[in-house]
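A.B. asks: Just so you know, the sequence shown maps onto residues 0 to 138 in numbering that gives the first Met the number 0.
Each residue gets a CB set at the ideal place from its N, CA and C atoms; glycine is no exception.
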Amino acid sequence: MRPRIMRAASRPTAKAEVANFVGDVLSDPVYAPEGPSRLRASRVTFMPGGRTNWHQHAVGQILYVLSGVGRYQLEGEPVQEIAAGDTVVIPPNARHWHGSAPGTMMCHLAMSETDDQGRATSWFEPVSEADYTKAPAKA
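(1) Indicate whether P90 and G117 have their beta-carbon atoms separated by less than 8 Å.
(2) Should Y131 be labelled buried (16 or more other beta-carbon atoms within 10 Å of its own) or exposed?
(3) According to DSSP, is E124 helix, strand or coil?
(4) Measuring alpha carbon to alpha carbon, tell me which of K14, S36, N52 ends up nearest D23.
(5) Apart from the five residues just before and just after E74, which ones in its own chain have a Cβ nearer than 6 Å to its Cβ?
(6) Okay, do the segment 80-87 and the segment 40-56 touch, 3+ Cβ pairs below 8 Å being the bar?
(7) From P35, I81, Y63, V68, pick the residue whose C-alpha is nearest to that of M104; which is it?
(8) Measure from the C-beta of P47 to each C-beta in chain C and report whether the shortest distance is under 8 Å.
(9) What residues are listed by DSSP as bridge partners for S66?
(10) Can you give me the Cβ contacts of G48 inside the same chain, cut-off strictly under 6 Å, excluding the 5 residues immediately before and after it?
(11) Strictly by DSSP, which residues pair up with A82?
(12) Roughly how many angstroms lie between the CA atoms of S121 and W96, to the nearest whole one?
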């Protein structure tokens with residue numbers, strides 16, 4: 000790991016992998032693991048209707064909402080609304096999904112790590128339209 004400034008122009012925006020996301024989702028890499036750090040950070044922008052598939056992270060995940068309004072759900076729990084300035088803490092190996100709220104976009108900084116065996120994210124099935132459109136729990 001060497002000191003440097005990583006210029007934005009050197010890391011172009013990409014469409015998120017269709018196999019792991021529903022709808023239009025853009026991803027900007029912020030930082031990829033580089034020893035001794037195991038941190039990965041990405042700015043992810045979800046257009047209206049965009050969301051991740053169900054997934055889990057070996058060491059958990061932290062989401063910091065930069066703009067817009069989104070949705071987040073831990074498996075077995077009610078859907079939660081998230082908004083700019085909110086931080087979501089997701090425990091290791093907890094199945095969950097996150098994305099924009101219907102009709103609006105949402106952008107978050109997603110941070111996670113790999114574990115000692117190099118495991119990071121396990122991806123599963125898409126979130127159903129019925130699950131995505133459920134009214135969020137009251138705060």
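C.D. replies: Taking the structure as given:
(1) Going by C-beta atoms, P90 is not nearer than 8 Å to G117.
(2) Around the beta carbon of Y131, 16 or more other beta carbons lie within 10 angstroms, which makes this residue buried.
(3) E124 falls in the coil class under three-state DSSP.
(4) Closest in alpha carbon position to D23, among K14, S36, N52, is K14.
(5) Excluding sequence neighbours, E74 sits near R94.
(6) The way I'd put it, the segment 80-87 doesn't touch the segment 40-56; fewer than three beta-carbon pairs between them come closer than 8 Å.
(7) Taking each of P35, I81, Y63, V68 in turn and checking the Cα distance to M104, the smallest one comes out for V68.
(8) No chain C is part of this structure, which consists of one protein chain only.
(9) S66 pairs with C106.
(10) If the five residues before and after G48 are omitted, its C-beta is found closer than 6 Å to the C-beta atoms of G22, all from its own chain and listed in chain order.
(11) In DSSP, A82 forms a bridge with V68.
(12) Cα to Cα, S121 sits roughly 12 Å from W96.
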